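Engineer:
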Amino acid sequence: MDATISLTVDGRRHDLTVDTRTTVLDALRERLGVTSTKKGCDHGQCGACTVLVSRNGGPGRRELACLALAVAYDGAEVTTADGLAGGDGLHPLAEAFVEFDAYQCGYCTPGQICSAVGMLDEARAGHPSAVTADLGADPAVLDRAEIAERMSGNLCRCAAYSNIVSAVQSVATPAGETR
Amino acid sequence: MTLVEPRAMGTALPRIEGPAKVTGTAHYAFEQFVDDPLYLAGVVSSIARGRVRAIDTSVAEALPGVVAVLTAESAPRLAPDAGAEQAVLQSDAVHYRGEYVAAVVAESPETAREAADAVVVSYEAEPSSTVLDPDSPEAYTPEIVVMFPPDTVAGDPDAALVASPVRTRATYTTSGNHHHPMEPHASIARWDGDRVVVFESTQSVWETRRGIAGLFALSEDAVTVVSPHVGGGFGTKGGMHANSVLTVLAARAVPGRPVKLALTRREMTDTTGYRPGTVQHVELGADTDGRLRAITHDAVEQTARMAEFGEPTAVYSRHLYAAPHRRTTHRLVPLDRSVPTFMRAPGEAPGSFAAESAMDELAHELGIDPIELRIRNEPDVDPDSGLPFSTRNLVACLRRGAERFGWADRDATPRARLVDGWWHGTGVAASFFPAFTMPGSAASIRYDQDPDRFRVDIAAADIGQGARTALTQIAADALGVPASRVDLNLGDTGLPHATVAGGSAGTASWGTAIVDAADRFRDKWGDDPDDAAEAEGVAQANPDAAAYAMGAYGAHFVEVAVHADTGEIRVPRMLGVFAAGRIVNPLTARSQFLGGMVWGLSMALHEESVVDPGVGHVVNGDLAGYHFAAHADVGDIDAEWIEEQDPHVNPMGTKGIGEIGIVGAAAAVANAAHHATGVRVRSLPITLDDFLGS
Chain A
1 MDATISLTVD GRRHDLTVDT RTTVLDALRE RLGVTSTKKG CDHGQCGACT VLVSRNGGPG
61 RRELACLALA VAYDGAEVTT ADGLAGGDGL HPLAEAFVEF DAYQCGYCTP GQICSAVGML
121 DEARAGHPSA VTADLGADPA VLDRAEIAER MSGNLCRCAA YSNIVSAVQS VATPAGETR
Chain B
1 MTLVEPRAMG TALPRIEGPA KVTGTAHYAF EQFVDDPLYL AGVVSSIARG RVRAIDTSVA
61 EALPGVVAVL TAESAPRLAP DAGAEQAVLQ SDAVHYRGEY VAAVVAESPE TAREAADAVV
121 VSYEAEPSST VLDPDSPEAY TPEIVVMFPP DTVAGDPDAA LVASPVRTRA TYTTSGNHHH
181 PMEPHASIAR WDGDRVVVFE STQSVWETRR GIAGLFALSE DAVTVVSPHV GGGFGTKGGM
241 HANSVLTVLA ARAVPGRPVK LALTRREMTD TTGYRPGTVQ HVELGADTDG RLRAITHDAV
301 EQTARMAEFG EPTAVYSRHL YAAPHRRTTH RLVPLDRSVP TFMRAPGEAP GSFAAESAMD
361 ELAHELGIDP IELRIRNEPD VDPDSGLPFS TRNLVACLRR GAERFGWADR DATPRARLVD
421 GWWHGTGVAA SFFPAFTMPG SAASIRYDQD PDRFRVDIAA ADIGQGARTA LTQIAADALG
481 VPASRVDLNL GDTGLPHATV AGGSAGTASW GTAIVDAADR FRDKWGDDPD DAAEAEGVAQ
541 ANPDAAAYAM GAYGAHFVEV AVHADTGEIR VPRMLGVFAA GRIVNPLTAR SQFLGGMVWG
601 LSMALHEESV VDPGVGHVVN GDLAGYHFAA HADVGDIDAE WIEEQDPHVN PMGTKGIGEI
661 GIVGAAAAVA NAAHHATGVR VRSLPITLDD FLGS
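Top to bottom, those sequences are chains A and B. Note that the UniProt record's numbering has the first sequence beginning at 1, numbered continuously upward. Note that the UniProt record's numbering has the second sequence beginning at 1, numbered continuously upward.
What follows is the structure, given as structure tokens:
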């Protein structure tokens with residue numbers, strides 16, 4: 001069974017007809033040629049396909065594109081790591097990943113970066129994590145343990161974790177609202 | 001030999017492909033653009049051993065969008081001498097659960113999968129054996145374990161053990177492990193007449209070419225393999241597995257159209273190799289001052305009945321410590337499972353767990369500091385070959401690590417530090433990995449006046465280790481120009497031959513070819529080359545290889561906390577100190593060391609291939625069930641290295657660094673856990689139930 005939907009990806013609108021079994025991830029990669037978003041497990045277990053999704057112009061939230069059926073995302077706006085900077089150089093987090101060598105093979109990297117962007121927004125909005133000691137703290141203080149906990153849905157088999165946390169922290173810190 | 005003068009080497013050049021990787025615009029195998037692709041889905045066996053009795057493909061074939069269904073009856077024939085693992089769909093025999101018995105080619109991935117599910121297979125099952133039993137009557141001595149003799153003996157180790165005033169004996173076991181690189185194995189194949197183009201996620205485009213040419217009876221020139229970016233390999237993408245053969249085979253049935261296959265985690269678990277489980281018996285005999293008289297290291301490990309792979313587990317103990325009486329042995333037990341393969345530090349990773357745990361047990365028995373015990377047994381020459389070391393700085397690594405980690409203040413008493421409900425302890429282990437250089441890689445260099453740049457071509461593989469960047473730095477220094485004027489191309493059989501990214505030998509082997517090409521280029525053209533000036537070079541066998549024992553060394557320091565009530569295990573601190581020759585790029589090298597150390601952490605605490613003995617099914621065949629370290633599992637971790645000048649290893653003075661990070665790391669965790677709790681865990685992975693009731 002097919003359905004016709006529209007998806008806005010990195011600011012560009014696409015109208016397409018999809019098999020209703022098609023995930024957002026396969027729609028991006030196999031139908032629209034948007035391969036910035038990676039398929040690591042197709043089961044929502046690794047985080048490599050993390051994208052930012054917004055509806056009705058709201059702020060993007062991190063979601064796993066492999067667990068999302070495209071037919072249920074008609075009209076959604078999807079931002080991938082390639083679209084984060086709006087076509088203008090590198091996003092500050094992407095720059096930090098290069099500077100801190102926060103990757104090796106690079107396959108989990110776009111998902112890590114999208115996840116970190118979404119995670120920093122969640123922290124600014126005051127969301128606690130499992131390691132937040134003081135739930136009254138506003139905004140959540142992002143020390144290394146907080147960043148690691150909040151990024152644990154994004155696996156990295158090369159194990160660049162320590163450098164990823166450093167890269168995220170370098171971007172989170174200058175705002176003055178985090179440590 | 002004369003070492004290349006380092007200018008670009010030693011600088012922290014960020015990865016050249018960094019901007020492409022952080023935006024996701026680096027194209028991995030499955031992301032190569034092809035017109036009008038078809039999708040492949042496999043049908044796999046549900047029994048561990050036996051025969052396919054019948055396959056009903058009628059429902060699958062009738063589905064709209066299905067282009068072809070392949071079975072052993074209908075699939076194209078491969079060369080009759082195809083290895084068992086590569087002879088895909090060539091007979092009705094089933095060798096393991098999860099083996100391909102049919103495949104579907106369809107217009108969409110959804111249809112391919114639906115059709116694969118609709119194929120009905122019936123079997124004649126035979127009795128199978130799928131779990132390692134160290135006492136199995138089927139155990140045998142292989143002719144070789146990878147490239148080493150299975151057994152070695154010096155002196156009379158059994159008599160020396162009996163005569164030793166202090167003696168330890170214990171059995172250590174390690175689980176099977178799965179590689180699970182983040183990028184699944186992926187292939188795209190398209191036939192055009194008797195030529196085939198393959199986009200492949202591989203550690204060696206040339207090995208893939210050679211393999212396909214052999215299986216399909218083609219000349220090598222008829223096979224093009226392209227692999228510009230590889231999302232991790234760790235050994236599983238070093239040799240060709242069934243999935244690559246299946247893709248090329250299926251594409252053969254639909255000439256002119258590209259066929260795509262990216263594996264699921266289930267398929268990766270079942271068909272792409274794994275580190276075999278081991279059972280290791282280690283005995284040490286020493287004088288009361290800690291000097292070893294005897295070392296025996298006897299390994300029993302699983303292999304596959306369909307094809308042999310012998311993990312060189314006990315080889316580690318041939319090289320680390322001096323003792324006049326020594327023995328190492330390997331026995332293999334064939335199972336009805338898929339074929340094990342190389343996985344990051346094959347042999348050294350499981351072998352060092354046993355050997356370095358045993359040294360800790362001996363230190364405890366003797367009441368000697370475990371670092372001091374290792375220093376007292378430092379050999380003057382390689383214990384196995386008797387050759388001098390080109391460089392060996394294990395003791396320097398131990399001492400530097402001890403200083404930085406704060407080892408001098410350590411109270412050796414186990415189970416003595418309970419802080420807020422957690423038992424704390426620290427542990428140490430040594431590390432070693434041989435420094436290989438593989439001969440046979442070639443490189444070409446070309447200078448173009450406009451735009452005044454040097455192009456360096458070599459079909460090497462950047463699997464995340466940073467080859468593109470490190471080789472650019474090596475080429476720059478060999479040519480005597482800045483790295484910013486060098487363009488390095490790799491990952492394509494259109495480029496000069498390169499050996500595999502494996503054995504921690506990539507940079508050493510490819511760099512040797514590049515240095516040779518640069519030497520020839522400068523001999524021919526001087527420092528002011530003409531436009532379009534070219535030269536080629538090759539990596540010859542290292543003339544010093546027969547005269548010296550060569551290896552990288554290291555020391556791991558680990559802090560472990562074990563919860564007194566729940567047994568939960570945490571690793572708040574890890575430090576690795578390594579001596580690995582010249583470090584080409586300190587930024588990317590540190591990442592490799594850290595990555596290896598986290599692999600050791602995962603091996604120690606998380607990774608376990610759980611097999612249902614009834615049907616030979618790996619029950620945790622996905623990333624929810626097969627655990628490796630996530631962000632929150634990694635605490636304060638750092639790696640550093642000591643300066644080392646080695647003129648014997650290769651013209652760059654480098655030793656491999658891709659694998660040494662894991663070697664010994666799991667033992668350091670186990671040793672720290674013993675210091676924390678007094679419980680000696682000799683079976684990996686260590687889990688919380690190991691500490692309950694203690």
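From the three backbone atoms N, C-alpha and C, an ideal C-beta is built for every residue, glycine too. Only a predicted model underlies this, so the values are computations on that prediction, with no experimental measurement involved.
Can you look up G551/B in the DSSP assignment and give me helix, strand or coil?
Structural biologist: Locating residue 551/B in the second sequence gives position 551, counting from the first residue. It is a strand residue.
Engineer: Can you list, in chain order, the residues of its chain with a C-beta nearer than 6 Å to that of T17/A? Leave out the 5 residues immediately preceding and following it.
Structural biologist: Counting from one through the first sequence, the residue named residue 17/A turns up at place 17. The answer, listed in chain order, is D2, T4.
Engineer: Taking the continuous beta strand (DSSP E) assigned at R455/B, which residues delimit it?
Structural biologist: Working through the second sequence from its first residue, we reach residue 455/B at position 455. Residues 453 to 457.
Engineer: Runs of 3 residues minimum, wholly inside the segment 283 to 321 of chain B: which ones carry the beta strand (DSSP E) assignment?
Structural biologist: Qualifying beta strand (DSSP E) stretches, in chain order: 292 to 304.
Engineer: Leaving out the 5 sequence neighbours to the left and right, which residues in its chain are closer than 7 Å to A175/A when beta-carbon positions are compared?
Structural biologist: Here residue 175/A corresponds to residue number 175 of the first sequence, with the count starting at 1. With a pLDDT of only 48 at A175/A, under 50, the local geometry of the prediction cannot be trusted, and the value read off the model is given with reservation. Same-chain partners within the cutoff: there are none.
Engineer: Short of 7 Å in beta carbon distance, which residues of its chain neighbour L688/B, apart from the five on each side in sequence? Order them along the chain.
Structural biologist: The residue given as residue 688/B occupies position 688 in the second sequence. Cβ within range, chain order: T566, G567, E568, I569.
Engineer: Check distances from the C-beta atoms of the segment 101 to 126 of chain A to those of chain B and list, in chain order, the residues that come in under 8 Å.
Structural biologist: Listed by position, the residues of the segment 101 to 126 of chain A near chain B (Cβ gap below 8 Å) are D101, Y103, Q104, C105, G106, Y107, C108, T109, P110, I113.
Engineer: My guess is that E559/B and A408/B are in contact by the Cβ rule of under 8 Å, so how many angstroms apart are they, rounded?
Structural biologist: Residue numbering aside, residue 559/B sits at position 559 when the second sequence is read from its first letter. Residue numbering aside, residue 408/B sits at position 408 when the second sequence is read from its first letter. Actually they are not in contact, since the Cβ atoms of E559/B and A408/B sit about 15 Å apart, beyond 8 Å.
Engineer: Quick one: what's got a C-beta closer than 6 Å to G612/B's C-beta in the same chain, skipping five residues either side?
Structural biologist: Counting from one through the second sequence, the residue named residue 612/B turns up at place 612. Gly is not the amino acid found at residue 612/B; the sequence shown has Asp there. For D612/B, where only same-chain residues beyond five positions count, the Cβ hits under 6 Å are V619.
Engineer: Grab the span of the beta strand (DSSP E) containing I662/B for me, first residue to last.
Structural biologist: Sequence index remark: in the second sequence, residue 662/B carries index 662 (1-based). Unbroken run through I662/B: none, as it is neither H nor E.
Engineer: Go ahead and label R179/A buried or exposed: buried means 16 or more other beta carbons lie within 10 angstroms of its beta carbon, across all protein chains shown.
Structural biologist: As a working mapping, residue 179/A is identified with position 179 in the first sequence. Since pLDDT at R179/A reaches only 39, below the 50 mark, its modelled position is unreliable, and the value read off the structure follows with that caveat. R179/A should be labelled exposed.
Engineer: Considering only residues of the same chain and omitting the five flanking positions on each side of V131/B, which have a CB-CB separation below 7 Å?
Structural biologist: Locating residue 131/B in the second sequence gives position 131, where the first residue counts as 1. Correct list, in chain order: V611, P613.
Engineer: Look at the Cβ atom of D92/B, then the Cβ atom of A72/B, and state whether they are nearer than 9 Å.
Structural biologist: Taking the first residue of the second sequence as 1, we reach residue 92/B at position 92. Taking the first residue of the second sequence as 1, we reach residue 72/B at position 72. Result yes, Cβ atoms of D92/B and A72/B sit closer than 9 Å.
Engineer: Should A72/A be flagged as near chain B, meaning a C-beta pair shorter than 9 Å?
Structural biologist: Position 72 of the first sequence, counted from the first residue, corresponds to residue 72/A. By this cut-off, A72/A is not an interface position.
Engineer: Taking the beta carbon of A476/B as the centre, do at least 16 other beta carbons fall within 10 Å, making it buried, or is it exposed?
Structural biologist: Residue mapping note: residue 476/B aligns to position 476 of the second sequence, counting from 1. So A476/B ends up on the buried side.
Engineer: Cutting at 7 Å between CB atoms, please list the residues of its own chain near A666/B, excluding the five before and the five after it.
Structural biologist: As a first step, residue 666/B must be located in the second sequence, where it is residue number 666. Answer for A666/B: F353, G600, M603, A604, L684, listed in chain order.
Engineer: Residues of the segment 614 to 625 of chain B in Cβ contact with chain A at a cutoff of 7 Å, in chain order, please.
Structural biologist: Per Cβ criterion, the list reads D622, L623, A624.
Engineer: With a threshold of 9 Å between beta carbons, is V634/B in contact with chain A?
Structural biologist: The residue labelled residue 634/B in the question sits at position 634 within the second sequence. So, interface residue.
Engineer: How about T23/B and P92/A: are their beta carbons less than 9 Å apart?
Structural biologist: Position 23 of the second sequence holds residue 23/B. Position 92 of the first sequence holds residue 92/A. In this structure, P92/A does not lie closer than 9 Å to T23/B by Cβ.
Engineer: Given that a residue counts as buried once 16 or more other Cβ atoms are within 10 Å of its Cβ, and exposed if not, what is R195/B?
Structural biologist: As a working note, residue 195/B is residue 195 in the second sequence. Exposed, by the Cβ-count rule.
Engineer: Could you give the distance in angstroms between the alpha-carbon of I657/B and the alpha-carbon of A349/B?
Structural biologist: Counting from one through the second sequence, the residue named residue 657/B turns up at place 657. Counting from one through the second sequence, the residue named residue 349/B turns up at place 349. The straight-line gap from Cα to Cα measures roughly 14 Å.
Engineer: Beta-carbon within less than 7 Å of V71/A's beta-carbon, same chain only, minus the 5 sequence neighbours each way: which residues are those?
Structural biologist: Counted from its first residue, the first sequence places residue 71/A at position 71. Same-chain partners within the cutoff: A3, I5, V18, T20.
Engineer: Would you please verify whether the beta carbon of L90/A is less than 9 Å from any beta carbon of chain B?
Structural biologist: By one-based count along the first sequence, residue 90/A stands at place 90. Judged by the 9 Å Cβ criterion, L90/A is in contact with chain B.
Engineer: Find the nearest neighbour of H648/B within the set R392/B, G18/B, A358/B, judged by alpha-carbon distance.
Structural biologist: For the purposes of this step, residue 648/B is identified with residue 648 of the second sequence, where counting begins at 1. For H648/B, the nearest C-alpha among the options comes from R392/B.
Engineer: Would you mind listing the beta strand (DSSP E) stretches within the segment 69 to 124 of chain B that are 3+ residues and don't spill past its ends, in chain order?
Structural biologist: DSSP runs (the beta strand (DSSP E)) wholly in the segment 69 to 124 of chain B: 100 to 106.
Engineer: Quick check on A358/B: does DSSP put it in helix, strand or coil?
Structural biologist: Translated into the one-based positions of the second sequence, residue 358/B becomes position 358. Helix at A358/B.
Engineer: Kindly indicate the opening and closing residues of the alpha helix (DSSP H) around L16/A.
Structural biologist: As a working mapping, residue 16/A is identified with position 16 in the first sequence. It is not in any alpha helix (DSSP H) - L16/A instead sits in the beta strand (DSSP E) that spans 12 to 19.
Engineer: In the structure shown, what three-state DSSP assignment does V248/B receive?
Structural biologist: In the second sequence, the residue the question calls residue 248/B occupies position 248. Of the three classes helix, strand and coil, the one that applies to V248/B here is helix, per DSSP.
Engineer: Go to G33/A, then tell me how far its alpha helix (DSSP H) extends in each direction, as first and last residue.
Structural biologist: As a position in the first sequence, residue 33/A is number 33, starting the count at 1. Where G33/A is concerned, there is no enclosing alpha helix (DSSP H), given that its DSSP letter is neither H nor E.
Engineer: Scan the segment 7 to 29 of chain B for residues whose Cβ lies nearer than 9 Å to a Cβ of chain A and list them as they occur along the chain.
Structural biologist: Those residues of the segment 7 to 29 of chain B that come within reach of chain A (Cβ to Cβ, closer than 9 Å) are A12, P14, R15, E17, G18, P19, A20, K21, V22, T23, G24, T25, A26, H27, Y28.
Engineer: Excluding the 5 residues flanking V679/B on each side, which residues of the same chain have their C-beta closer than 6 Å to its C-beta?
Structural biologist: Sequence index remark: in the second sequence, residue 679/B carries index 679 (1-based). Cβ neighbours of V679/B beyond the five flanking positions: F691, S694.
Engineer: Relative to chain A, which residues along the segment 92 to 110 of chain B have a C-beta separation below 8 Å, given in chain order?
Structural biologist: Correct list: S108, P109, E110.
Engineer: On the premise that D336/B lies in contact with G616/B, defined as a C-beta separation below 8 Å, what is that separation, rounded to the nearest angstrom?
Structural biologist: In the second sequence, residue 616/B corresponds to position 616, counting from 1. In the second sequence, residue 336/B corresponds to position 336, counting from 1. Confirmed, about 6 Å.
Engineer: Taking beta-carbon pairs under 9 Å, can you tell me which members of the segment 150 to 172 of chain A lie near chain B?
Structural biologist: The segment 150 to 172 of chain A vs chain B, Cβ under 9 Å: R150, M151, S152, G153, N154, L155, C156, R157, C158, A159, A160, Y161, S162, N163, I164, V165.
Engineer: Which full runs of the beta strand (DSSP E) of 3+ residues lie inside the segment 434 to 514 of chain B, going along the chain?
Structural biologist: Runs found: 442 to 448, 453 to 457, 486 to 489.
Engineer: Cα-Cα, which of S129/B, A253/B, A363/B, S431/B is closest to S74/B?
Structural biologist: Position 74 of the second sequence, counted from the start, is the residue given in the question as residue 74/B. Nearest of S129/B, A253/B, A363/B, S431/B to S74/B, Cα basis: A253/B.
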